[in-house]
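Each protein sequence line maps, in turn, to chains A and B. In terms of this note's numbering, the first sequence has 304 at position 304, counting the first letter as 1, and numbering is strictly consecutive. In terms of this note's numbering, the second sequence has 97 at position 97, counting the first letter as 1, and numbering is strictly consecutive. Every residue gets a Cβ at the ideal spot worked out from N, C-alpha and C, and that includes glycine. Contents: one structure, followed by commentary.
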Amino acid sequence: MSKVRVLVGTRKGAFILTSDGARKKWDVEGPHFGGWEIYHVKASPANPDRLYASQSSGWFGQVLQRSNDGGKTWEAAGKQFQYASTPGTHTWYDGSPHPWEFKRVWHLEPSLTEADTVFAGVEDAALFKSTDGATTWSELAGLRTHETGPSWAPGAGGLCLHTIVQDPTSSDRMYIAISSAGVFRTEDGGQSWSPANHGLRSSYIPDPDAPVGHCVHRIAMHPSRPNTLFMQKHWDVMRTDDGANEWREISGNLPTDFGFVIDVNANEPETIYVIPITSDSLHYVPEGKLRVYRSKSGGEEWEPLTKGLPQKDCYVNVLRDAMAVDGLDPCGVYFGTSGGQVYGSPDGGDSWTPIVHDLPGVLSVEVQTLG
Amino acid sequence: MIRVQLPANLQTLAGVGREIQLEVPAPVTQRTVLDILEEQHPALRGTIRDAVTKRRRPLLRFFACEEDWSDVSPDDPLPDEVAAGKEPLLIIGAIAGG
């Protein structure tokens with residue numbers, strides 16, 4: 001019997017939600033690390049019992065946690081994230097040079113094949129790699145030291161590397177996204193990087209189609225189509241079909257194309273999900289209605305999914321790491337809100353139920369399909 | 001024995017209670033106490049002071065004998081009452097929130 005495990009990071013701890021393949025009855029366990037901000041919890045695809053968690057606090061700094069038993073017990077892992085060279089400066093909000101400073105780990109991306117290998121995307125934007133189960137970390141400095149690095153400027157949430165996408169057909173190819181520098185691609189396992197933002201247009205930067213400077217919120221890939229990526233940008237929903245050489249807009253009939261999350265149905269590579277957010281100054285869903293929008297045609301044509309979701313007086317946000325899909329058929333879709341609800345759909349988005357109502361504000365949602 | 005009291009989040013992280021007792025050879029200073037504390041509880045490294053520079057994290061304070069020792073040199077001797085175990089060294093998280 002299949003089982004799913006949803007890993008939820010919140011502003012005050014981590015929670016683990018489990019269900020069988022029917023995905024109707026849920027057990028809720030937590031909080032783990034109560035009182036701490038948990039930016040991200042993610043499992044190794046190579047060993048489902050190996051979990052990594054980013055735990056942080058404005059008071060006490062960054063902590064990394066590792067579990068070898070699916071989240072029942074945890075042990076402190078390495079938390080030394082030292083830039084590989086003299087950090088130099090990036091661009092501050094006012095345009096002045098600002099020293100690169102480590103603040104926190106936003107995103108942990110375990111290797112697709114090695115349980116002890118994991119990547120960490122951090123603020124101020126850099127990519128780190130561990131090959132010993134998060135005990136020690138080394139920066140893949142070719143990214144941060146890219147010639148455009150001094151021009152990178154933070155978005156409202158900070159200069160964060162928040163998305164790491166591995167190509168399942170080539171361990172040397174990987175994509176990352178930084179707010180607000182944009183997408184970068186490596187073809188050599190992270191040693192060197194190139195901006196991959198051609199086709200993006202952002203009216204909030206002086207040159208709207210500049211090579212870097214775009215506030216990319218999230219990118220997603222279906223593993224069967226590694227050259228196709230979907231993007232939720234600050235404004236605009238985009239896709240590429242040539243490995244990010246060229247992006248094109250697919251916002252179509254969305255009520256607003258601002259948002260944070262985007263994900264792809266596990267069984268249908270052209271079925272994608274977004275949650276439109278009103279605007280960059282109104283970080284809540286439009287018209288008081290929580291609606292997931294689904295496109296079954298790879299974009300442009302979108303349908304609102306509302307069954308089981310609040311359709312009045314709802315003003316929550318859904319952050320960039322807070323949506324995930326399971327690997328069952330029909331595909332399960334999950335997302336968490338700033339109001340502490342985690343919703344799940346066992347039928348590809350047709351209907352939704354709240355798994356939990358009242359957690360702390362949700363920062364991230366990941367899901368494992370087990371058994 | 002030197003007595004050190006931790007804020008709640010660090011108690012959870014280190015898996016200890018509110019107060020820890022440490023054997024600290026003289027001289028008893030902030031630095032020597034924190035060195036021993038981190039040696040015995042490695043999970044606390046980097047959470048009270050920066051792991052590299054050893055500077056106090058900005059939102060933590062050190063109190064002892066009703067005095068604020070946060071900005072005192074980490075190599076100055078702590079009060080005799082702390083060295084004698086009569087009074088604890090308090091590690092305090094700044095008040096914040098709403």
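Integer Cβ distance of residue i from residue j, believed to fall under 8 Å
i	j	result
glycine 213 (chain A)	serine 179 (chain A)	In fact, because the Cβ distance is near 11 Å, the residues do not count as touching under 8 Å.
leucine 108 (chain A)	alanine 120 (chain A)	6 Å
proline 110 (chain A)	valine 122 (chain A)	Not a contact, Cβ separation roughly 16 Å.
valine 367 (chain A)	threonine 337 (chain A)	That belief does not hold up - the Cβ atoms of valine 367 (chain A) and threonine 337 (chain A) are roughly 16 Å apart, past 8 Å.
valine 41 (chain A)	leucine 7 (chain A)	4 Å
threonine 323 (chain A)	tyrosine 273 (chain A)	A small correction: the amino acid at residue 323 (chain A) is methionine; threonine does not occupy that position in the sequence shown. Their Cβ separation, rounded to whole angstroms, is 7 Å, which keeps methionine 323 (chain A) and tyrosine 273 (chain A) in contact under 8 Å.
isoleucine 219 (chain A)	valine 264 (chain A)	In fact, because the Cβ distance is near 10 Å, the residues do not count as touching under 8 Å.
proline 360 (chain A)	proline 346 (chain A)	With a Cβ gap of about 25 Å, proline 360 (chain A) and proline 346 (chain A) do not count as contacting.
glycine 93 (chain B)	proline 27 (chain B)	About 27 Å; that fails the 8 Å criterion.
leucine 290 (chain A)	valine 316 (chain A)	7 Å
glutamate 372 (chain A)	tyrosine 204 (chain A)	The shown model of chain A, from 1 to 371, leaves out residue 372 (chain A), and the question about it has no answer.
alanine 134 (chain A)	glycine 78 (chain A)	6 Å
threonine 256 (chain A)	proline 286 (chain A)	6 Å
glycine 371 (chain A)	glutamate 300 (chain A)	37 Å between Cβ atoms; not a contact.
isoleucine 48 (chain B)	leucine 60 (chain B)	6 Å
Partners in chain A for residue i, counting only beta-carbon separations shorter than 8 Å
i	result
arginine 57 (chain B)	Trp59, Phe60 and Gly61
leucine 6 (chain B)	Those do not exist, as leucine 6 (chain B) stays about 10 Å from chain A at its closest Cβ, beyond 8 Å.
Where residue i meets chain B, residues with beta-carbon distance less than 9 Å
i	result
tryptophan 36 (chain A)	Asn9, Thr12 and Leu13
Within 9 Å, strictly: CB atoms of residue i and residue j
i	j	result
alanine 53 (chain A)	glycine 21 (chain A)	no
leucine 161 (chain A)	tryptophan 106 (chain A)	yes
phenylalanine 60 (chain A)	histidine 32 (chain A)	no
proline 77 (chain B)	alanine 83 (chain B)	yes
aspartate 358 (chain A)	glutamine 341 (chain A)	yes
arginine 248 (chain A)	glycine 199 (chain A)	yes
arginine 269 (chain A)	tyrosine 293 (chain A)	First, the amino acid is wrong: residue 269 (chain A) is proline here, not arginine. No, the Cβ-Cβ distance between proline 269 (chain A) and tyrosine 293 (chain A) is not below 9 Å.
leucine 10 (chain B)	leucine 34 (chain B)	no
glutamine 30 (chain B)	leucine 89 (chain B)	yes
isoleucine 250 (chain A)	valine 237 (chain A)	yes
tyrosine 175 (chain A)	alanine 141 (chain A)	no
isoleucine 91 (chain B)	phenylalanine 62 (chain B)	yes
alanine 115 (chain A)	serine 44 (chain A)	yes
glutamine 62 (chain A)	glycine 15 (chain B)	no
arginine 5 (chain A)	glycine 71 (chain A)	yes
threonine 186 (chain A)	leucine 159 (chain A)	no
histidine 222 (chain A)	glutamine 232 (chain A)	no
histidine 90 (chain A)	proline 150 (chain A)	yes
tryptophan 36 (chain A)	serine 57 (chain A)	yes
leucine 229 (chain A)	threonine 240 (chain A)	yes
isoleucine 355 (chain A)	glycine 344 (chain A)	yes
serine 202 (chain A)	glycine 189 (chain A)	no
alanine 266 (chain A)	leucine 305 (chain A)	no
proline 211 (chain A)	threonine 145 (chain A)	no
proline 42 (chain B)	threonine 32 (chain B)	no
Within chain B, the residues that residue i reaches when beta carbons sit closer than 7 Å
i	result
lysine 79 (chain A)	Gly46
Proximal residues of chain B, C-beta to C-beta of residue i below 8 Å
i	result
alanine 76 (chain A)	Leu13, Pro42 and Ala43
Partner residues on chain A for residue i, Cβ-Cβ distance less than 7 Å
i	result
glycine 93 (chain B)	Trp59
leucine 89 (chain B)	Going along chain A, no residue has its Cβ under 7 Å from leucine 89 (chain B), so there is no contact; the nearest lies around 17 Å.
alanine 51 (chain B)	Gln80
According to DSSP, residues forming a beta bridge with residue i
i	result
proline 99 (chain A)	A:Thr89
serine 194 (chain A)	A:Arg185
serine 364 (chain A)	A:Gly9 and A:Asp321
glutamate 29 (chain A)	A:Ile16
methionine 174 (chain A)	A:Gln166 and A:Thr186
phenylalanine 260 (chain A)	Paired residue(s): none; phenylalanine 260 (chain A) is not in a bridge.
phenylalanine 128 (chain A)	A:Ala120 and A:Glu139
isoleucine 92 (chain B)	B:Arg61
lysine 79 (chain A)	DSSP, once it has assigned bridges, lists no residue as partnering lysine 79 (chain A).
tryptophan 235 (chain A)	A:Phe258
methionine 1 (chain A)	Bridge partners of methionine 1 (chain A): none, in fact.
proline 160 (chain A)	The amino acid at residue 160 (chain A) is misidentified as proline; the sequence shows cysteine. Cysteine 160 (chain A) is bridged to A:Glu123 and A:Ser179.
proline 77 (chain B)	B:Thr29
Proximal residues of chain A, C-beta to C-beta of residue i below 9 Å
i	result
leucine 37 (chain B)	Correct list: empty, because the minimum Cβ distance to chain A is about 14 Å.
If you measure beta-carbon to beta-carbon, which residues of the segment 60–79 of chain B are closer than 8 Å to chain A? Of all residues in the segment 60–79 of chain B, only Leu60 place a beta-carbon less than 8 Å from a beta-carbon of chain A.
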